[in-house]
Amino acid sequence: MVEMDRSKLIAIVDYRIDEQISERLDGFCSEIIKTRPHPSLMEPVNGHPDMMMMRYDDSTLIVCPEEYEFYHEILQDKGIRLIKGTNRLRSKYPADIPYNALRNYDSIIHHNAYTDNAVVELATEDNLNFVDVKQGYTKCSVLQMENHGIITADKQIAEAAGKLGIDNLVVQSGYVGLNGFDYGFIGGASGYSQGCLLLTGTIDHHPDHEAIQAFVSAKGVRLIFLSDKPIYDYGTIIILKKEKK
Numbered sequence: 008m009v010e011m012d013r014s015k016l017i018a019i020v021d022y023r024i025d026e027q028i029s030e031r032l033d034g035f036c037s038e039i040i041k042t043r044p045h046p047s048l049m050e051p052v053n054g055h056p057d058m059m060m061m062r063y064d065d066s067t068l069i070v071c072p073e074e075y076e077f078y079h080e081i082l083q084d085k086g087i088r089l090i091k092g093t094n095r096l097r098s099k100y101p102a103d104i105p106y107n108a109l110r111n112y113d114s115i116i117h118h119n120a121y122t123d124n125a126v127v128e129l130a131t132e133d134n135l136n137f138v139d140v141k142q143g144y145t146k147c148s149v150l151q152m153e154n155h156g157i158i159t160a161d162k163q164i165a166e167a168a169g170k171l172g173i174d175n176l177v178v179q180s181g182y183v184g185l186n187g188f189d190y191g192f193i194g195g196a197s198g199y200s201q202g203c204l205l206l207t208g209t210i211d212h213h214p215d216h217e218a219i220q221a222f223v224s225a226k227g228v229r230l231i232f233l234s235d236k237p238i239y240d241y242g243t244i245i246i247l248k249k250e251k252k
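Start counting the sequence shown at 8; every next residue gets the next number (our numbering).
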């Protein structure tokens with residue numbers, strides 16, 4: 008396992024992130040950037056990073072146009088490549104999912120009909136494959152450990168990942184908190200960087216907690232609980248790596 012070099016890492020988190028999570032996350036990242044409420048998204052998810060932006064790679068973000076200037080001001084001197092998206096977000100599905108795509112290996116997994124054009128153009132330039140799934144909240148639904156595999160409650164996403172050679176674990180849906188909804192998504196309660204999987208809370212109450220911990224351990228990934236509270240969907244902890252300019 009590669010140890011995390013916190014001096015190079017930046018985390019983007021929901022503006023409502025729990026204080027204990029912020030304190031523990033500070034031990035792994037040199038800087039924590041909080042989102043601001045998006046005026047068009049539903050209140051429970053209006054600060055979720057994975058709704059407003061897509062992490063394309065370690066140092067590239069594709070951001071909805073109405074939030075571009077806000078993040079450009081913050082990230083411009085940190086060597087992060089920021090790309091302005093095409094679609095402005097709206098509250099109702101599918102107008103809230105253009106940036107909720109997932110990149111894994113050489114593929115973009117998403118409900119392709121609604122993927123933002125900026126994502127499509129960049130992925131096409133890089134000769135990535137496009138994998139179509141019905142779940143538009145793709146990134147929300149997937150706990151991603153880069154080349155180590157994914158964990159999801161969505162069987163179609165797991166099947167698509169399997170066809171791409173991506174190891175996966177399917178878990179029961181639910182058991183992830185999200186105010187205003189019956190439950191949240193497991194992907195939205197996680198972050199990953201440099202061999203460390205960060206979860207927003209504990210998973211002891213999850214019926215598949217033993218399978219999750221065994222899957223993660225088998226990959227040689229370090230599992231870190233950022234809170235003593237049950238796991239909660241804050242919309243993915245997006246971790247970026249600073250690059251020299």
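The beta carbon of each residue, even a glycine, is placed where N, CA and C say it ideally should be.
Assigned exposure category for residue i - 16 Cβ within 10 Å defines buried
i, result
"D21", "buried"
"H212", "exposed"
"G194", "buried"
"T243", "buried"
"A225", "exposed"
"R62", "buried"
"N94", "buried"
"Q142", "buried"
"G34", "exposed"
"K162", "exposed"
"K15", "buried"
"Y106", "buried"
"G191", "buried"
Nearest-angstrom Cα separation, counted from residue j out to residue i
i, j, result
"K236", "P72", "34 Å"
"A130", "A120", "15 Å"
"Y75", "L82", "10 Å"
"H155", "R110", "13 Å"
"I219", "K170", "21 Å"
"A221", "R229", "11 Å"
"Q92", "Y182", "Position check: residue 92 holds Gly in this sequence, whereas Gln was assumed. C-alpha separation (whole angstroms): 33 Å."
"I17", "I39", "6 Å"
"Q151", "P46", "28 Å"
"S66", "L32", "19 Å"
"P44", "H216", "32 Å"
"I238", "Y78", "27 Å"
"V52", "L68", "19 Å"
"A160", "N175", "10 Å"
"K41", "G208", "18 Å"
"L135", "Y112", "9 Å"
"R97", "L48", "6 Å"
"L247", "I231", "18 Å"
"N124", "V70", "12 Å"
"Q179", "E166", "15 Å"
"K249", "I87", "6 Å"
"D12", "P214", "33 Å"
"Q27", "D139", "37 Å"
"L205", "I19", "13 Å"
"E50", "Y100", "14 Å"
"I164", "I210", "22 Å"
"E80", "I245", "18 Å"
"E128", "A168", "22 Å"
Closest residue to residue i among the options (Cα-Cα distance)
i, options, result
"T145", "G202, L185, Y78 and D103", "D103"
"M58", "C147, I115 and M152", "C147"
"L29", "L233, A165 and V126", "Residue identity differs from the one stated: residue 29 is Ser in this sequence, not Leu. The shortest Cα separation from S29 among L233, A165 and V126 belongs to L233."
"M241", "I24, D12 and K15", "The residue asked about is misnamed: residue 241 is Tyr in this sequence, not Met. When each option's Cα is compared against that of Y241, the closest is I24."
"I173", "V149, Y190 and F192", "V149"
"G227", "M49, S200, E166 and D133", "S200"
"A108", "V223, P101, Y100 and V126", "V126"
"S37", "P105, A196 and K85", "K85"
"I115", "D133, P105 and F137", "F137"
"V177", "P56, I158, L206 and D12", "I158"
"C203", "G191, V223, I210 and L89", "V223"
"H55", "D133, S197 and P214", "S197"
"D133", "I210, M60, D64 and I245", "D64"
(request) Pick out the complete alpha helix (DSSP H) segments inside the segment 33 to 61, 4 residues or longer, and give them in chain order. (result) If only complete runs of 4 or more residues are kept, the segment 33 to 61 shows the alpha helix (DSSP H) at 56 to 59, in order along the chain.
(request) Return the chain-ordered ranges of every alpha helix (DSSP H) run that is complete within the segment 148 to 189 and spans a minimum of 4 residues. (result) List check, alpha helix (DSSP H) in window: 162 to 170.
(request) Could you tell me whether the segment 183 to 196 touches the segment 113 to 128, using the rule of 3 or more Cβ pairs below 8 Å? (result) By the C-beta criterion, the segment 183 to 196 is judged not to be in contact with the segment 113 to 128, since fewer than 3 inter-stretch pairs fall below 8 Å.
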